[in-house]
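Residue numbers (my numbering), protein chains in the order written: chain A, 27 to 417; chain B, 2 to 455. Backbone N, C-alpha and C define an ideal beta-carbon position, used for all residues, glycine too. Predicted, not measured: the structure shown is a model, and the values here were computed from it. Scroll down for the structure; my scribbles are underneath it.
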Amino acid sequence: MIGRSADVAIVGGGLMGVWTAFFLARSGRRVVLFEKGPVGAQSSGVNFGNLRLQGRFGGQYPLSLRSHALWEDFEALTGETCEFEATGHLYVAANADEAARLEGYARQAEAHGIAIERVGGNELRRRWPWLGEGVHAATYSARDATANPRLATPAAARAAARLGAEIREGVRVTDVRREGDGFTVELEGAGTLSFGAVVNAAGAWALSIAERFGESAPLFPAGPPHFVTEPVPYRIVPSVQAVDGSVIARQIPRGNVIMAGYPRTASDPVLNRAPVPPAKTLAGMGHLARTLPALRHAHVIRVWSGIEGYLPDMLPVIGPSVTTPGLFHAFGFCGHGFQLGPGVGAALAELIVDGTSPTPLTPFSIGRFGEGVAVSDKFLKEFDQPAAVTS
Amino acid sequence: MTRVAIVGAGPAGIRAAAALVEAGIRPVLLDEAARPGGQGYRTPSPGLDLDMAALMGSEAAHHARLHGLFAAIHDRVDYRPETLVWAVDGRTLHVATQGRAGMVAFDALLLATGATDRVVPCPGWTKPGVFTLGGAQAILKDQGCFIGRRVAFVGSSPLLLLAALQYQSLGAHVAAVVDTTPFGAKLAALPDLAASPRTLRRGIAYRTKLRAAGIPVHDGAAPVAIEGRDGVEGVRLRHGAREWTIACDAVALGHGLKPETQLADLAGAQFAYDPVFRQWLPETDADGRAGPSLYLAGDGAAIGGAYAAEASGTLAAAALLADHGRPQPKATLRRLRQEVARLRRFQRGLARAFAWPAGQAAALPDDATLCRCEGITAGEVRRAMAQPLGPREVNRVKAITRVGMGRCQGRICGPALADIVAAAAGLDHAAVGRLRGQAPVKPIPLVLGAEPAG
Numbered sequence: 027m028i029g030r031s032a033d034v035a036i037v038g039g040g041l042m043g044v045w046t047a048f049f050l051a052r053s054g055r056r057v058v059l060f061e062k063g064p065v066g067a068q069s070s071g072v073n074f075g076n077l078r079l080q081g082r083f084g085g086q087y088p089l090s091l092r093s094h095a096l097w098e099d100f101e102a103l104t105g106e107t108c109e110f111e112a113t114g115h116l117y118v119a120a121n122a123d124e125a126a127r128l129e130g131y132a133r134q135a136e137a138h139g140i141a142i143e144r145v146g147g148n149e150l151r152r153r154w155p156w157l158g159e160g161v162h163a164a165t166y167s168a169r170d171a172t173a174n175p176r177l178a179t180p181a182a183a184r185a186a187a188r189l190g191a192e193i194r195e196g197v198r199v200t201d202v203r204r205e206g207d208g209f210t211v212e213l214e215g216a217g218t219l220s221f222g223a224v225v226n227a228a229g230a231w232a233l234s235i236a237e238r239f240g241e242s243a244p245l246f247p248a249g250p251p252h253f254v255t256e257p258v259p260y261r262i263v264p265s266v267q268a269v270d271g272s273v274i275a276r277q278i279p280r281g282n283v284i285m286a287g288y289p290r291t292a293s294d295p296v297l298n299r300a301p302v303p304p305a306k307t308l309a310g311m312g313h314l315a316r317t318l319p320a321l322r323h324a325h326v327i328r329v330w331s332g333i334e335g336y337l338p339d340m341l342p343v344i345g346p347s348v349t350t351p352g353l354f355h356a357f358g359f360c361g362h363g364f365q366l367g368p369g370v371g372a373a374l375a376e377l378i379v380d381g382t383s384p385t386p387l388t389p390f391s392i393g394r395f396g397e398g399v400a401v402s403d404k405f406l407k408e409f410d411q412p413a414a415v416t417s
Numbered sequence: 002m003t004r005v006a007i008v009g010a011g012p013a014g015i016r017a018a019a020a021l022v023e024a025g026i027r028p029v030l031l032d033e034a035a036r037p038g039g040q041g042y043r044t045p046s047p048g049l050d051l052d053m054a055a056l057m058g059s060e061a062a063h064h065a066r067l068h069g070l071f072a073a074i075h076d077r078v079d080y081r082p083e084t085l086v087w088a089v090d091g092r093t094l095h096v097a098t099q100g101r102a103g104m105v106a107f108d109a110l111l112l113a114t115g116a117t118d119r120v121v122p123c124p125g126w127t128k129p130g131v132f133t134l135g136g137a138q139a140i141l142k143d144q145g146c147f148i149g150r151r152v153a154f155v156g157s158s159p160l161l162l163l164a165a166l167q168y169q170s171l172g173a174h175v176a177a178v179v180d181t182t183p184f185g186a187k188l189a190a191l192p193d194l195a196a197s198p199r200t201l202r203r204g205i206a207y208r209t210k211l212r213a214a215g216i217p218v219h220d221g222a223a224p225v226a227i228e229g230r231d232g233v234e235g236v237r238l239r240h241g242a243r244e245w246t247i248a249c250d251a252v253a254l255g256h257g258l259k260p261e262t263q264l265a266d267l268a269g270a271q272f273a274y275d276p277v278f279r280q281w282l283p284e285t286d287a288d289g290r291a292g293p294s295l296y297l298a299g300d301g302a303a304i305g306g307a308y309a310a311e312a313s314g315t316l317a318a319a320a321l322l323a324d325h326g327r328p329q330p331k332a333t334l335r336r337l338r339q340e341v342a343r344l345r346r347f348q349r350g351l352a353r354a355f356a357w358p359a360g361q362a363a364a365l366p367d368d369a370t371l372c373r374c375e376g377i378t379a380g381e382v383r384r385a386m387a388q389p390l391g392p393r394e395v396n397r398v399k400a401i402t403r404v405g406m407g408r409c410q411g412r413i414c415g416p417a418l419a420d421i422v423a424a425a426a427g428l429d430h431a432a433v434g435r436l437r438g439q440a441p442v443k444p445i446p447l448v449l450g451a452e453p454a455g
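Structure, rendered in structure tokens:
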């Protein structure tokens with residue numbers, strides 16, 4: 027339409043926003059992405075870096091597998107590396123009950139064509155001699171991978187820019203309004219621009235846009251309590267995750283061991299703070315020392331967290347607005363969005379360009395919160411019970 | 002009774018503890034070291050027969066007095082040596098004592114965390130045999146050892162002269178003292194330096210003694226590189242157009258001090274940029290208040306030297322007592338404030354006379370190591386910044402390049418990093434930010450979490 031600044035405005039320069047910009051630009055759309063800080067500086071840049079296929083929500087596998095193929099192609103797509111490593115993922119159970127849960131996850135993954143190995147007893151110790159005595163059984167998925175979140179988003183943003191997307195860092199969107207069949211986007215100290223479509227990929231800050239259009243979600247901020255050790259000899263190749271979430275750990279070839287774990291921590295999107303309570307760090311250190319006892323004397327050198335958006339059913343919001351044609355959402359990834367990023371970008375671009383995507387997104391509609399909120403088991407597991415905000 | 006935690010048993014922490022003891026409070030005094038005294042007034046290892054009079058020189062009596070004071074209050078203080086405070090969470094300190102985790106609850110927190118060395122890297126600075134200046138002194142005072150047989154003292158600091166004299170008087174061969182600040186800058190700083198004539202006289206005396214001992218003192222020369230195959234064999238220097246090499250087997254490198262502010266950061270202190278020190282310093286009022294129930298004293302608040310540390314320790318304790326319903330005599334407070342202000346003014350003079358060589362830091366060659374923990378070169382930082390959407394702020398540079406992400410968390414490379422980032426971004430030094438503090442303040446072993454905290 028004549029007079030429009032560009033076809034699509036994307037609000038939020040996280041992984042979802044930059045990959046959407048990438049695929050839209052590749053389809054020849056004129057795109058401007060607005061990010062209040064630097065790209066990839068919030069949860070996209072400070073997450074654990076897991077590209078995990080095991081243990082996902084069943085309805086997410088088509089999107090997840092699509093995304094995985096894009097991660098495997100990251101270098102060709104972006105022209106840069108992001109420390110992508112096909113490390114495999116080892117899901118470990120401490121007892122028979124947990125092993126039964128692993129079996130459930132394994133069947134679900136296998137139904138989507140993912141190869142899962144079930145390993146127990148001596149074989150477990152032979153293949154992964156560094157596992158602690160408390161590990162009873164495990165499932166292993168060889169295709170799962172890891173990447174460096176600090177590098178991935180800026181690399182994808184540069185690739186989008188090379189395809190013609192305009193990436194505007196340090197520009198805060200103060201208002202988004204309907205205007206005719208398009209949108210007006212107001213920028214802090216940088217005027218007003220008009221677009222045909224808007225993608226709301228504003229992470230923990232996304233409700234401020236959705237609610238302007240009469241729709242909402244019970245989104246709340248939280249963060250993963252992370253720590254990292256000094257470098258030690260590289261032995262632990264697969265990422266290791268305990269079924270109860272007490273340990274989510276991986277070693278990078280440089281030698282550092284990165285650790286996340288539940289329960290998650292509070293974070294504050296207004297003050298832009300995500301402190302890690304030291305008691306959680308200590309608890310996580312204990313869990314890691316028991317699961318990987320060879321690390322007992324390794325030193326923890328740093329902790330960090332981030333500001334992630336969570337929803338009580340532990341599923342993201344992805345897809346078109348239910349109130350306003352031309353508005354699309356991608357937020358609330360509940361701490362598992364890193365793996366989905368490129369796939370979300372590809373599918374959203376298809377929705378915007380073609381009006382439809384071969385990747386099913388209906389389970390993630392913002393409309394699902396109309397009839398009350400389902401609280402998932404995952405939610406109960408990942409948060410401190412008394413402190414959890416159920417909105 | 003008010004529960005007071007003091008972190009650091011140097012001159013500021015000991016004086017603060019003494020003032021609280023006098024008011025009938027039994028403070029918890031937490032210190033990383035095995036013995037009290039802090040860095041400058043440290044106690045040598047037991048069984049070591051060091052000539053303390055020779056080592057401490059004009060400060061020997063002062064050293065003895067501080068340790069005498071500590072001995073006098075020892076049984077009225079909950080003194081916990083070998084205790085690292087690694088995190089602050091609300092009104093609780095998380096500590097590690099000899100491999101065991103613990104917590105200390107407090108109503109008021111007084112941080113007397115001291116200072117650490119500030120160094121400008123140069124090519125070769127990671128070779129075995131290169132120590133920070135403070136490290137060279139600590140090894141001597143703690144263990145009675147020299148860092149080498151033939152030592153060069155290089156940098157920009159009045160402590161270069163003092164350390165060289167200490168080494169010389171205990172029998173080491175001092176190859177040279179190389180000060181990067183021109184002599185003219187020292188003359189220009191004289192008005193501020195006159196704030197403490199006694200210290201100024203002492204500094205001039207160090208210089209005279211070194212000259213008398215035949216030790217070359219070079220002003221305005223800068224290190225081009227520290228050379229050697231397996232270790233240090235020499236320092237290549239440049240002064241104007243002239244370049245030459247001094248033979249030595251160890252180098253003590255120091256460009257002044259920087260406050261250890263990580264705990265203040267975690268405890269919620271605000272920071273402001275100080276253009277004279279070219280540092281971000283925690284904000285306090287004249288008495289050391291830095292926030293609700295948070296007090297800072299000594300070099301950890303602002304570099305002031307040992308005397309200022311003692312006075313500011315007493316002053317911060319007085320402020321703490323006043324805030325907890327025990328008003329202090331106005332005259333005492335006034336005298337202490339004047340003393341601290343005068344001594345810190347002197348240090349500002351020193352910061353001009355022995356200036357941080359920002360240009361040398363900014364010009365660190367591309368292939369030189371900047372971050373020694375992570376092995377990141379200055380060139381890697383510049384290349385990351387030069388790409389599209391490249392970072393222009395130190396925390397983002399850290400995120401993209403890993404610089405400052407290692408064991409020391411940027412405590413060593415941080416100052417030079419800021420100059421390199423400012424130069425590459427074409428920004429003012431104050432505009433590139435400061436590395437944010439994160440727990441743990443120093444590395445802690447995983448086993449610390451294997452036992453419940455008690």
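Residue i, enclosing beta strand (DSSP E) - first and last residue
i        : result
Ala268/B : Where Ala268/B is concerned, there is no enclosing beta strand (DSSP E), given that its DSSP letter is neither H nor E.
Val370/A : Per DSSP, Val370/A belongs to no beta strand (DSSP E); it is in the alpha helix (DSSP H), Gly367 to Asp380.
Phe354/A : Leu353 to Phe357
Val104/B : The question names Val, but residue 104/B in the sequence shown is Met. Taken as a continuous stretch (DSSP letters only), the beta strand (DSSP E) holding Met104/B covers Arg101 to Ala106.
Phe132/B : Val131 to Thr133
Glu101/A : Segment Phe100 to Thr104 is the alpha helix (DSSP H) holding Glu101/A; no beta strand (DSSP E) there.
Tyr308/B : Per DSSP, Tyr308/B belongs to no beta strand (DSSP E); it is in the alpha helix (DSSP H), Gly306 to Asp324.
Extent of the continuous alpha helix (DSSP H) run through residue i
i        : result
Ala19/B  : Pro12 to Glu23
Val225/A : Premise fails: Val225/A lies in the beta strand (DSSP E), Thr218 to Asn226, not in any alpha helix (DSSP H).
Lys187/B : Phe184 to Ala189
Pro175/A : Pro175 to Arg188
Tyr131/A : Ala122 to Ala137
Cβ neighbour criterion (16 or more within 10 Å) applied to residue i
i        : result
Glu381/B : buried
Ser90/A  : buried
Leu245/B : Sequence check: residue 245/B is Trp here, not Leu. When all chains shown are included, Trp245/B counts as exposed.
Glu261/B : buried
Leu49/B  : exposed
Thr416/A : Caution is warranted here: a pLDDT of 40 is assigned to Thr416/A, below 50, making its placement in the model unreliable, and no coordinate value can be reported.
Ile1/B   : Given a span of 2 to 455 for chain B in the structure shown, any question on residue 1/B remains unanswerable.
Asn148/A : exposed
Met2/B   : exposed
CB of residue i within 7 Å of CB of residue j, strictly
i        : j        : result
Ala153/B : Cys249/B : yes
Leu316/B : Leu344/B : no
Pro28/B  : Val5/B   : yes
Glu408/A : Arg290/A : yes
Ala227/A : Met42/A  : yes
Leu334/B : Ala319/B : yes
Val236/B : Pro217/B : no
Ser11/A  : Pro247/A : This structure gives no information on residue 11/A, because the portion of chain A shown stretches from 27 to 417.
Ala196/B : Phe355/B : no
Val34/A  : Leu59/A  : no
Does the structure place the stretch 365 to 372 of chain B close enough to the stretch 110 to 127 of chain B that three or more beta carbon pairs sit under 8 Å? yes
So if I threshold CB-CB distances at 7 Å, which residues from the stretch 82 to 104 of chain B count as touching chain A? Ala88, Asp90, His95 and Ala102
Flag this pair as touching only if the stretch 374 to 393 of chain A and the stretch 51 to 65 of chain A have three or more C-beta atom pairs under 8 Å; answer yes or no. yes
If contact means a Cβ-Cβ distance below 9 Å, which residues of the stretch 293 to 313 of chain A contact chain B? Pro301, Val302, Pro303, Pro304, Ala305, Thr307, Leu308, Ala309, Gly310, Met311, Gly312 and His313
For the structure I just gave you, are there three or more beta carbon pairs, one from the stretch 350 to 360 of chain B and one from the stretch 52 to 61 of chain B, closer than 8 Å? no
Hey, is the stretch 160 to 176 of chain A in contact with the stretch 70 to 86 of chain A, meaning 3+ C-beta pairs nearer than 8 Å? yes
Determine, using beta-carbon pairs with one atom in the stretch 171 to 178 of chain B and one in the stretch 322 to 340 of chain B, whether at least three such pairs fall under 8 Å. no
Residues from the stretch 421 to 448 of chain B in contact with chain A, defined by Cβ distance under 8 Å: Gln439, Ala440, Pro441, Pro444, Ile445, Pro446, Leu447 and Val448
Are three or more beta carbon pairs between the stretch 352 to 359 of chain A and the stretch 189 to 197 of chain A nearer than 8 Å? no
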